[in-house]
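Numbering (the numbering used here), first residue to last: 4 to 323.
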């Protein structure tokens, strides 16, 4: 059985666009026919455990979140920068007890606060370690790793590993790890997906993120329009409704009630036309666009599987 075309999928989007939900749906879409997929979060919100309805992920545990209807498994990992720094100190400097002592004095939090670039290196380093297990044929290897990354406003900085360590280390273990992570991020096996709503600010941030990622050399894959309410009407009809040119005559309603309903339709038609304008802006990015339908019932495991089906239908997730 061949694996997915890309082994590292990075998902970003403006806050509130549902990027964590889409990242989870993508992980479910990739987990087919016995495949193991790791879904990582780096923002300490325990969003994954909440989405899948499981206890919070602790430390460096990689716990199965769900089995998918298509025969695979999704595992979760919540990466914490302070935990990663303690692990780093133990691995390279054998400061196990000393590292824990430093943590009690708040030194680890202080270090990662004054050197935010180091925080990003440590976070992406954990992802790198999970991805490269497949090349080592380890029993804990995954067929793909999905990273629920920071929002679009910070994604360029988060993935710019060389700049992150430029003022921290020129040589040594940190630099070596940063170079390895940077090579993975810019390889053909890594792809970034951007999640947006068809609203002005999310679309603007998506445009800016695409420009930043293209300048950095990181591969940009798909723009995912989330929570879309498709309209059955043509733009010309919507324009007429928005302009109030379509009269309503609901049997049993008086003129005031019909006018109120027509006004509501006009507002909705205008909103739909604005969404089409933003959709056209995204088309000009020259990237594949995927639409995920709005689910009025909210998000649970069943709806994640439904999102996975939509992504599978619209994305090339299998091997080339």
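Glycine included, every Cβ here is placed at the ideal spot set by N, Cα and C. What you are looking at is a predicted structure, and each value in this text was computed from that prediction instead of being measured.
- Taken in chain order, the complete alpha helix (DSSP H) segments of 4 or more residues contained in the stretch 205–269 are 238–245.
- The beta carbon of residue 84 is closer than 7 Å to those of 115, 122, 125 and 126 in its chain, skipping five residues each way along the sequence.
- When 263, 87 and 206 are compared, the shortest CA-CA separation from residue 177 is found for 87.
- For residue 201 against residue 231, the beta-carbon gap comes to about 7 Å, under 8 Å, which counts as contact.
- Among the bridge pairs identified by DSSP, residue 43 is matched with 80 and 150.
- Annotated three-state conformation of residue 11 is strand, per DSSP.
- Beta-bridge partners of residue 197 (DSSP): 15 and 226.
- Here the alpha carbon of residue 207 sits roughly 21 Å from the alpha carbon of residue 297.
- Sequence-distant partners of residue 72 (beyond 5 residues in either direction) whose C-beta falls short of 7 Å from its own C-beta, in its chain, are 308.
- For residue 143, the number of other beta carbons within 10 angstroms of its own is below 16, and it is reported as exposed.
- Out of 228, 31 and 198, the CA that lies nearest to the CA of residue 55 is found in 31.
- The residues 199, 200, 201, 282, 285, 292, 293, 294 and 295, in chain order, have a CB closer than 8 Å to that of residue 228 in the same chain once the five nearest residues on each side in sequence are set aside.
- Collapsing the DSSP output to three states places residue 178 in a helix.
- For residue 57, the three-state secondary structure derived from DSSP is coil.
- Cα atoms of residue 24 and residue 49: separation of roughly 12 Å, rounded to the nearest angstrom.
- Taking the CA atoms as reference points, residue 277 sits about 37 Å from residue 190.
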